[in-house]
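For the sequence shown, position 426 matches number 426 in the UniProt record's numbering, and the numbering has no gaps at all.
Glycine residues also receive a C-beta, built at the ideal position from the N, C-alpha and C atoms.
Since this is a predicted model, take the numbers as computed values, not measurements.
See structure below.
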Amino acid sequence: MSEGSREHEAPPYAPGPHEVAQPGQPPPGPLPPVPLAPSLPERVFMAVRGYFLDVDPTFLSALAPLALLAIVLFTRAPDTNYIFDEQEALLANPYVNATGGLRFVDAIHRDFWGLPPERSVGSYRPLPNFLWRALWGVSKSPFLHHFYNVLLHAVNGALLTCVAFQWTRRRGAAYLAGLAFVACAVLTEAVSGIVGIADVLGGLGAILGLLALALPGWGMPFAVFGAVLFGLFAKESALVCVPLLPLAALATAPLTHPTRPARWLRAGLALLGAGAAFVLYVELRRRWFPAPTSAELSEPLPVDASLARRVLHAALLWFHQAPLPKDPLNNPLAEADTAYRLAGALRVYWRGLVQVFLPNALSGDYSYPQEPVPERLVFPGSVAGGLMMALPPLASLWLWIGALGRERRARRTMEGIEELGVVAPEGWGRRRIVQMTAGAALLMAAVVLGGMEIVLSRSAGRGLMPSLPLPLRLVPFVGPLALGLGLVVEALGKKVSPDAGRVPRPLGYAGAAAVAVGLTWIVVSFFPHSNIPVVLPTVRAERFWYFPAIGSSLVVAMAFARLDEALGGAQARGAGQWGWPFGPGPLKKAWAVPAVIFLFFGLQCVQAYRHAMDYRSDLAFWDATRRAVPNSAKAHLNYSVMKGARNDLPARLESSKKALELAPEWPMAHVYTGDTLCRMGNAEEAWPYYREGFTLGPNEMSLIALGLQCLHDQKQLTVHDAELREMAEKQPGTWLAYLGPDTLDNAEKNNGVDPKYRPRGYNEGPKE
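Dropping the structure here:
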C-alpha cells in the first residue's frame with residue numbers, strides 16, 4: 001500500500017496497561033496520520049502561487065503572463081481587415097506607402113496621417129509613422145500591425161508592475177497593478193485598433209518616466225528627459241508628464257530613495273528633465289512641422305487685455321498647435337457656448353470614468369447625437385463629473401499629508417532602534433566630498449553661464465547661440481544644472497530608512513503615496529482630452545483613457561491590497577507580506593477578497609474580449625458600434641457602407657435612412673442615401689437626396705463627385721443639367737460651382753467626373 005494512503009488504515013495494535021511492548025512491535029498509542037501527497041490541482045495552485053508571490057517581480061517575470069493575457073484578450077482574427085481610421089492611417093498614408101518620393105526620415109515633416117503641415121488636422125506623431133514605415137515592407141497585413149500593439153501593451157503592464165513593486169515592495173499588489181492595466185477593458189480600442197499605437201507608445205514613455213524616478217539624482221533627470229521626449233513624439237498627450245512626473249517624484253521619493261529622500265529637490269530634478277524635453281519637442285516641431293497658426297491666435301489681443309491673458313496667448317503662440325478641425329458631427333460640443341460645453345464635457349468625463357471601473361457597452365464611436373449638447377447646465381452627469389474632477393486631487397493631498405506623518409513616525413521609531421544598537425552616523429567620506437564639490441561647481445557654472453546668456457540676449461542680442469530662440473539657448477545649461485543638483489542630492493547625509501527590515505512596506509504610507517499619485521494622475525492626464533481647455537475633433541473616445549488608466553491601475557491595486565489586509569487581519573495574512581490572495585489566513589472572511597478580485601477582473605476580461613471581437617472585420621465593428629451606441633448617426637452610416645461593399649444594398653439603404661433620421665442636416669447622410677438608391681437603379685428617386693446633400697455641403701468635394709459619377713453611370717446626369725447649373729451659380733467659389741459644370745461639360749471625355757477628383761475607393765491606397 002502506498003505511503004500516501006496510510007492515513008486511512010486501521011490504527012495499529014497498542015499493548016494494554018499490563019502488557020509490555022515486545023521488540024518489533026509499535027510503541028503504545030496510535031501513530032499520527034501521514035498527510036496525503038498534494039493532488040495535481042494543488043501542485044498547480046502552489047506553482048502559480050510561487051511564481052507570483054515567492055520571488056520579487058522583474059520585468060521579464062511580469063511580461064510573460066501579461067503578454068499571454070493581452071494576446072488572449074485583444075488579438076484580432078488573422079483574416080481581419082483595416083477598420084475605420086486604420087484605412088486613412090496606413091492604406092491612404094502617403095508617408096507609409098512612400099508615395100511622391102518620401103524618404104524614411106520624412107516622418108518628422110508629416111502628421112500622423114502622412115499629410116504635410118498645410119493639410120494637417122493637428123496630430124504630429126512621427127514615432128508611429130517610423131514604426132509603420134519600417135514594418136510596411138515586411139507585411140501589409142492588418143494583423144501584424146495590430147499584434148505588435150498588443151505586445152507593447154503587455155510591455156507597459158510589466159513596466160507598471162515594476163513601478164508598483166518599487167514603491168510598495170508588495171509582490172501581490174505589484175502584479176495586481178500590472179493586471180489591472182493590461183486587462184482594463186476600456187483600453188480595447190487603443191490596443192486592438194492599429195491607430196492606438198500612438199497611445200500605447202505615449203504610455204510607454206510615461207511609465208518609463210515613472211521608473212526613472214528611482215535612479216540616482218545625477219541620472220534621473222536625463223532618463224526622465226528621454227522618456228518624456230519619446231512619449232511626446234509618440235503622442236502629444238504625453239505633455240501631461242511635465243507636471244505629473246515631478247508630482248510623482250515628490251510623493252514617492254521616500255519610497256524610491258528611503259535614506260536620501262530629498263523630495264523637493266528630486267521633484268525639481270524631474271521637472272528639469274520633463275520641462276527640457278517639452279521645450280525641445282516644441283521647438284523641433286515648430287521647425288520640422290511648420291503648421292499654420294489657428295485663426296483665433298492670429299487675431300491680436302485687445303489693448304486692455306489682462307496680463308494673464310497676454311501670457312496665455314504668448315504661450316499658445318509659442319506652442320504652435322496646428323489648427324484642429326471642428327466638426328459638429330464628431331463633436332457636438334464644438335458649437336456649444338462655454339458653459340454648456342463644460343457641462344457636456346463633465347458628463348463625458350463621468351461616463352468614461354465609470355467605464356474604466358465598470359465597463360458596460362464599449363464602443364469605437366460616440367458621434368452625434370450620442371453625446372449631444374446638454375439642455376441644462378446642472379444635471380446628474382455634470383455634477384458627478386465636476387465632483388470627480390475636483391475631489392481626487394484633494395484626496396491625493398490628504399493622503400500625501402497622512403503618508404508624510406506616518407513616514408516620519410516610522411523614521412523616529414527606527415532612529416530609536418538604531419540608537420539602542422549604537423549605530424555610528426555617516427561621515428564625510430572621500431566620495432561624498434567629491435560629489436558635493438563637483439555638484440556645487442556644476443551648479444554655479446550652469447547658473448552663471450545661463451544668466452549671462454539671458455543678459456546678453458536681452459541687452460545686446462548676442463550670446464553663445466544668437467540665432468536660436470531663448471528657450472533653446474537655455475536647454476544646454478539644463479544638463480549641467482541637473483547633473484550638479486543630482487550630485488548634491490546624492491551627497492546629502494543619510495537618513496534612517498523608515499522601513500528598514502520591513503518588507504513589504506506598510507500601506508499606511510507606501511500605499512497612500514501610490515494612491516495619491518494615481519488619483520491625481522487620472523484627472524490631470526485626462527484633462528487635455530476633456531474638451532474643457534480646448535475643443536477637440538472628437539467628443540469622446542475610449543483610447544483617451546490610456547494615460548489615465550496608469551493611475552487607475554495603481555488605485556485599484558492598492559485598494560485590493562488594503563481590503564485584503566483589513567479583512568484578513570495582520571496575523572491571518574502575515575501583515576500582508578505576500579498580499580493577495582494566497583495568504584495562510586484561516587479566517588473565512590479573508591476569502592471575500594479573492595472573490596471580489598475575481599469578479600472585478602472577470603468583468604474586465606470578459607468585456608475586453610467581447611469588444612476586441614468587434615474588430616474581427618469592418619462589418620462586425622460597425623455592427624457592434626451601432627448596437628452599443630444606437631444614437632450615433634455615424635455608426636449607422638458606416639455600417640451601411642460596409643453592407644454596400646458587400647453588395648447588400650437593401651440593408652445599406654435601411655441603415656442610411658436611419659443615419660439620416662438621426663442627423664437630418666448631415667450632407668453625407670443625404671448623399672450616401674441617394675447613392676444607395678442610384679446604385680439600386682432608382683436614380684430619379686435618388687436625385688432629391690443628392691440635391692439636398694449638395695446644398696448642405698457645397699464644399700464636400702468627394703461627396704459631390706460621388707453623386708455626379710453615379711448619375712452619369714445611370715444616364716441621369718444630363719436630365720438634371722439645368723438644375724445643377726442653377727445650384728452651382730448660387731454657390732460661387734465652392735466645389736459644387738466647379739465640379740457641377742465641369743462634369744456636365746466634360747462627361748464624355750472623362751467618362752463622368754474628372755478622375756483626379758473622384759473619391760478614393762474603399763480599402764484603396766493613397767491617391768497620387
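For residue i, which residues in the same chain have their Cβ closer than 7 Å to its Cβ, ignoring the five residues on either side in sequence?
i, result
"residue 240", "524, 525, 528, 547"
"residue 71", "150"
"residue 389", "346, 349, 523"
"residue 622", "635, 638, 639, 642"
"residue 538", "330, 331"
"residue 392", "519, 520, 522, 523"
"residue 168", "174, 504, 505, 510, 511, 514"
"residue 478", "272, 276"
"residue 326", "334, 535"
"residue 192", "74, 76, 146, 612, 615"
"residue 728", "736, 737, 740, 741"
"residue 308", "none"
"residue 731", "698, 737"
Taking the straight line between their C-alpha atoms, what separation do you get for residue i and residue j?
i, j, result
"residue 362", "residue 189", "9 Å"
"residue 313", "residue 305", "10 Å"
"residue 203", "residue 688", "49 Å"
"residue 532", "residue 341", "7 Å"
"residue 211", "residue 373", "41 Å"
"residue 8", "residue 37", "Confidence at residue 8 is low in this model, with a pLDDT of 42, below 50, so the placement of that residue is unreliable and no value is reported for it."
"residue 178", "residue 357", "15 Å"
"residue 482", "residue 443", "8 Å"
"residue 242", "residue 228", "8 Å"
"residue 266", "residue 439", "14 Å"
"residue 335", "residue 85", "24 Å"
"residue 236", "residue 152", "18 Å"
"residue 607", "residue 632", "21 Å"
"residue 112", "residue 125", "5 Å"
"residue 367", "residue 485", "50 Å"
Do residue j and residue i count as a contact pair if the criterion is CB distance below 8 Å?
i, j, result
"residue 249", "residue 261", "no"
"residue 709", "residue 752", "yes"
"residue 221", "residue 270", "yes"
"residue 627", "residue 640", "no"
"residue 209", "residue 224", "yes"
"residue 697", "residue 706", "no"
"residue 496", "residue 415", "yes"
"residue 293", "residue 320", "yes"
"residue 81", "residue 618", "yes"
"residue 487", "residue 435", "yes"
"residue 206", "residue 557", "no"
"residue 162", "residue 230", "no"
DSSP three-state label for residue i, please.
i, result
"residue 532", "coil"
"residue 560", "helix"
"residue 82", "coil"
"residue 646", "coil"
"residue 75", "coil"
"residue 305", "coil"
"residue 257", "coil"
"residue 293", "coil"
"residue 184", "coil"
"residue 639", "helix"
"residue 754", "coil"
"residue 508", "helix"
"residue 575", "Confidence at residue 575 is low in this model, with a pLDDT of 34, below 50, so its placement is unreliable and the value that follows should be read with caution. Reduced to three states, the DSSP call for residue 575 is coil."
Output needed for residue i: all residues of its chain with C-beta closer than 8 Å, excluding positions within five of it in sequence on either side, in chain order.
i, result
"residue 20", "The predicted model places residue 20 with a pLDDT of 48, which falls under 50 and marks its position as unreliable; any figure quoted below should be read in that light. Closer than 8 Å at the Cβ level, and outside the excluded window around residue 20, lies no residue."
"residue 744", "717, 718, 721, 724, 725"
"residue 61", "51, 55"
"residue 580", "Low confidence applies here, because residue 580 scores a pLDDT of 43, under 50, leaving its location unreliable; read the following figure in that light. So the list reads 172, 173, 176, 560, 561, 564, 593, 594, 597, once near-sequence residues are dropped."
With a threshold of 16 other CB atoms inside 10 Å of the CB of residue i, please say whether the residue is buried or exposed.
i, result
"residue 105", "exposed"
"residue 542", "buried"
"residue 76", "buried"
"residue 156", "buried"
"residue 675", "buried"
"residue 119", "exposed"
Please return the same chain residues whose Cβ sits closer than 6 Å to the Cβ of residue i, not counting the five positions on each side in sequence.
i, result
"residue 701", "735"
"residue 509", "403, 406, 407"
"residue 201", "127, 234"
"residue 554", "177, 514, 518"
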